[in-house]
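A.B. asks: This is the structure I have questions about; it appears just below.
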Amino acid sequence: MKYSIIKKIKTVVQKNQGFDVIIVVASIGNKEYWERRLEASKNEILSPKTQIIVIEEDWPGGAGQLLGTLYAWKSANEILNLKELLEKEGKVAIYHAAGYGKRMAPLCGTEVNNKPGVKLPKIIKIGDRETLLRVLEAAIFSTQIFAKSRKGRICVFWGDQVFLPFRTPKLETKLPVEIFGIEKGLSLSKKDWQRDWQQYGVLIPTKKRGILMREKISWQKFQRFLEKGYLQKDQEEKVTLFKSLGCFSISLPFLETLFEEFFKEIELRRRNLSTDFHLWVPLTSRKREYQTEGGSGIYWERIKKIRRNFFQKTGKKRIIGEKNLGEKTFWWDYGNLKIYFINLLKLIKKTDEGEAAREFFEAEKYLIKRRFAKGLKIKNSILINSEIGGGKIENVILVDSKILWAKIKNGVIISTQAKGVFTQRGKLVRNILLYNVKEETNVKTLPAEVVTDIIPGEGTKIRMRTSLLRDGRRDWQVRLPKNIFAYSEIERLLARIANATIRFRT
């Protein structure tokens with residue numbers, strides 16, 4: 001095993017060293033599914049000792065990561081005394097998996113409005129049967145490695161992201177908040193910044209003010225930070241920054257401070273507050289700067305009061321520290337349709353990341369570098385529990401599927417049965433994603449097309465199509481030309497039957 005971190009993660013699970021309690025924040029209608037599923041997948045993705053608490057985020061309009069975390073803490077404490085557990089050096093993790101999954105539409109509809117239930121290319125055992133790993137399960141499994149050194153703290157993760165740290169996963173700060181990030185020395189052009197950094201939260205290390213958190217910095221703002229001296233260049237003219245992963249660990253005293261401050265919002269289930277813009281940024285900004293970024297001066301004063309009172313109470317001088325997971329950390333996001341496709345195709349890449357992905361998903365044994373048979377050519381593709389009768393496929397991941405004939409280059413096909421897959425004119429098709437397609441005849445697709453079948457009941461099938469180039473959030477209320485329903489209409493239909501179909505969902 002080349003990537004020792006993967007072996008260490010497996011060891012943590014096998015030796016019962018993972019989190020004592022995990023709290024999953026799920027959408028309404030998915031609580032029972034995840035309770036049953038996660039309990040059954042212990043030993044595969046979770047330590048046997050781990051207690052599972054699933055909370056439905058019944059919060060109008062969504063709570064955001066800040067209020068969602070505090071609401072999950074309150075709800076879970078009604079089931080188990082987590083404060084007592086943490087005071088005894090227990091280890092707790094919260095996974096945020098609620099929401100419509102607009103960026104993953106229409107795949108989340110196929111899973112009955114269960115966005116973290118989207119499938120990944122790995123077979124696991126649930127009881128006495130085999131099934132495919134789900135996005136949330138991959139996120140939970142990969143993060144168990146952080147448990148051991150975070151006794152008495154709460155870790156907060158997104159339920160659709162997997163990361164394999166290159167550096168030690170051990171806790172390296174005594175500060176109340178530890179934000180996970182990837183440190184990198186940068187000597188960037190405008191194009192590089194806009195492509196690789198602009199869409200992320202950025203942690204800026206400074207000598208006088210500690211760590212500054214800023215959200216989605218444009219190239220122009222980056223240049224202004226250089227001018228103001230926030231960013232220091234080294235002898236090689238490089239600037240050191242941390243790309244935030246959006247995940248963190250937090251001490252019990254600071255969590256309780258936040259809970260007391262936002263108690264009224266939690267009780268009323270009002271507002272949507274994120275951790276980045278509504279906590280880390282005002283904690284590390286001056287008032288005018290926060291207002292310039294679109295924040296409220298009154299709200300900034302509220303956060304200032306939290307900081308001042310916490311310092312007086314604890315004697316601390318800083319709140320936020322960074323956790324550098326290492327520049328060579330692998331980070332796979334499965335919460336966006338296009339990125340889901342791109343990250344899955346990394347499994348067939350001839351790179352270190354491709355090798356790590358195959359090791360994580362245990363897919364190396366399914367890799368076919370080259371196979372020629374009568375009427376069939378397979379090149380650099382992965383076939384997991386799948387069959388293809390004829391045609392030509394290259395750079396294709398075929399999972400739990402059966403296709404009689406296909407001509408595909410660069411494709412991901414999951415849980416699909418079809419007679420044929422090709423373009424409208426019977427030619428080779430490129431960059432396609434087929435998910436849960438059930439077709440007795442041929443599936444004719446366009447380049448970069450996504451096709452899925454939503455099956456709300458026995459004998460009923462709703463075919464949905466989109467493009468990898470489209471944004472599901474923008475299209476949420478739109479009936480695309482080939483679809484008879486908008487995504488929002490599908491969501492409302494499935495919301496009525498989610499609990500009724502629980503026993504049929506695997």
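Counted from 1, the sequence shown has number 469 at position 469 by our numbering; the numbering is strictly sequential. In this text, a Cβ means the ideal position worked out from N, Cα and C, and glycines have one as well.
#1: Which of the three DSSP states is assigned to ARG503 in this structure?
#2: Mapping DSSP to helix, strand and coil, what is GLU44?
#3: Where DSSP assigns a beta bridge to THR240, which residues make up the other side?
#4: For GLY68, count neighbouring Cβ atoms within 10 angstroms of its own Cβ and tell me buried if that reaches 16, exposed if not.
#5: Please tell me whether LEU480 and ARG465 are closer than 8 Å, where the distance is taken between their beta carbons.
#6: Enumerated in chain order, which unbroken segments of the beta strand (DSSP E) with a length of 3 residues or greater are wholly contained in the region 46-124?
#7: Since TYR435 and ILE414 are thought to touch, with beta carbons under 8 Å apart, how far apart are those beta carbons, to the nearest angstrom?
#8: Could you name the residues of the same chain whose beta carbon sits closer than 6 Å to that of TYR3, not counting the 5 residues immediately before and after it, in chain order?
#9: What do you reckon, are the CB atoms on PRO106 and ILE490 nearer than 8 Å?
#10: Is the region 317-329 close to the region 209-216, with three or more CB pairs under 8 Å?
#11: Measuring CA to CA, which of ARG308, LYS392, LYS365 is closest to LEU383?
#12: Count the other CB atoms, across all protein chains shown, that sit within 10 Å of the CB of GLY229; report buried if there are 16 or more and exposed otherwise.
#13: Rounded to the nearest angstrom, what separates PHE157 and GLY246 at their Cα positions?
#14: Using the C-alpha atoms, what's the distance from SER488 back to LEU494?
#15: Contact defined as beta carbons within less than 8 Å: I believe PRO176 pairs with ILE94. What is the distance between those atoms, to the nearest angstrom?
#16: With respect to the beta strand (DSSP E) encompassing LEU132, which residues constitute its N-terminal and C-terminal limits?
#17: Hey, out of ILE23, TYR33, ASP192, PRO447, whose CA is closest to GLN424's CA?
#18: Quick one: is PHE263 buried, meaning 16 or more other Cβ sit within 10 Å of its Cβ, or exposed?
#19: Suppose the cutoff is 6 Å on Cβ atoms and the five residues either side in sequence are ignored; what does the same chain contact list for ILE432 look like?
#20: Please report the residue range of the beta strand (DSSP E) in which LYS369 lies.
#21: Strictly by DSSP, which residues pair up with LEU519?
#22: For the structure I just gave you, are there three or more beta carbon pairs, one from the region 104-118 and one from the region 292-308, closer than 8 Å?
#23: Can you tell me where the alpha helix (DSSP H) with LEU494 in it begins and where it stops?
#24: Could you give the residue range of the alpha helix (DSSP H) that holds LYS10?
#25: On the DSSP letters alone, give me the boundaries of the alpha helix (DSSP H) that LYS338 sits inside.
#26: Measuring straight from C-alpha to C-alpha, what distance separates ASN113 and GLN51?
#27: Taking the alpha helix (DSSP H) that THR257 belongs to, which residues open and close that run?
#28: Report the rounded CA-to-CA distance for VAL135 versus GLN477, giving the unit in angstroms.
#29: Where DSSP assigns a beta bridge to SER249, which residues make up the other side?
#30: Could you give the distance in angstroms between the alpha-carbon of ASP196 and the alpha-carbon of ILE306?
#31: Please classify ARG503: is it buried, with 16 or more other beta-carbons within 10 angstroms of its beta-carbon, or exposed?
#32: Residues bridged to THR206 by DSSP?
#33: Can you tell me the Cα-Cα spacing of PHE248 and PHE225, whole angstroms?
#34: Which of helix, strand or coil does DSSP assign to LYS510?
#35: Which word fits GLU178, buried or exposed, when buried means at least 16 other C-beta atoms lie within 10 angstroms of its C-beta?
#36: At a cut of 8 Å, does the region 29-46 reach the region 114-122 through at least three beta carbon pairs?
C.D. replies: So, from the listed chains and residues:
#1: Residue confidence for ARG503 is low, a pLDDT of 48 falling below 50, so the modelled location carries little weight; the figure read from the coordinates is stated next. Three-state result, ARG503: helix.
#2: Residue state, collapsed to three classes: coil.
#3: Answer is GLY185.
#4: So GLY68 counts as buried.
#5: Yes, the pair counts as a contact, with Cβ atoms nearer than the cut-off.
#6: Restricting attention to beta strand (DSSP E) runs no shorter than 3 residues, the region 46-124 encloses them at 51-56, 92-96, ordered along the chain.
#7: Confirmed, Cβ separation roughly 5 Å.
#8: Apart from sequence neighbours up to five positions away, the residues of its chain that approach TYR3 with a beta-carbon distance below 6 Å are ALA356, GLU359, ordered along the chain.
#9: In contact: PRO106 and ILE490 (Cβ atoms closer than 8 Å).
#10: The region 317-329, when compared against the region 209-216, does touch it at the 8 Å Cβ threshold.
#11: Measuring from the Cα of LEU383, the nearest candidate turns out to be LYS365.
#12: Exposed, because fewer than 16 other Cβ atoms sit within 10 Å of the Cβ of GLY229.
#13: When rounded, the distance between both Cα atoms is 7 Å.
#14: Roughly 10 Å separates the two Cα atoms.
#15: Between PRO176 and ILE94 the beta-carbon gap is near 16 Å, outside 8 Å, which marks them as no contact.
#16: Here the beta strand (DSSP E) through LEU132 covers 129-134.
#17: When the alpha-carbon of GLN424 is set against those of ILE23, TYR33, ASP192, PRO447, the nearest one is in PRO447.
#18: With fewer than 16 Cβ atoms within 10 Å of its Cβ, PHE263 is classed as exposed.
#19: Answer for ILE432: GLY411, THR445, GLU449, listed in chain order.
#20: Per DSSP, LYS369 belongs to the beta strand (DSSP E) from 367-373.
#21: Residue 519 falls outside the range modelled here, since the chain spans only 1 to 506, and no answer is possible.
#22: By the criterion of at least three beta-carbon pairs nearer than 8 Å, the region 104-118 is not in contact with the region 292-308.
#23: 487-495 is the span of the alpha helix (DSSP H), which, as asked, contains LEU494.
#24: Where LYS10 is concerned, the enclosing alpha helix (DSSP H) stretches over 4-14.
#25: First-last of the alpha helix (DSSP H) with LYS338: 337-345.
#26: Taking the straight line joining both Cα atoms gives about 25 Å.
#27: Start and end: 252-261.
#28: Rounded to whole angstroms, the gap between the alpha carbons of VAL135 and GLN477 is 25 Å.
#29: Answer by DSSP bridge pairing, in chain order: CYS155, GLU178.
#30: Going by the C-alpha atoms only, they are around 33 Å apart.
#31: Residue confidence is low: ARG503 scores 48 on pLDDT, short of 50, so the model does not pin down where it sits. No coordinate-derived value is stated.
#32: Answer is GLY210, bridged to THR206.
#33: Rounded to whole angstroms, PHE248 to PHE225 spans 25 Å at the Cα level.
#34: Examination of residue 510 is not possible in this model, given that the chain is present from 1 through 506 alone.
#35: GLU178 is buried by the Cβ-count criterion.
#36: Between the region 29-46 and the region 114-122, the count of Cβ pairs shorter than 8 Å is three or higher; the stretches touch.
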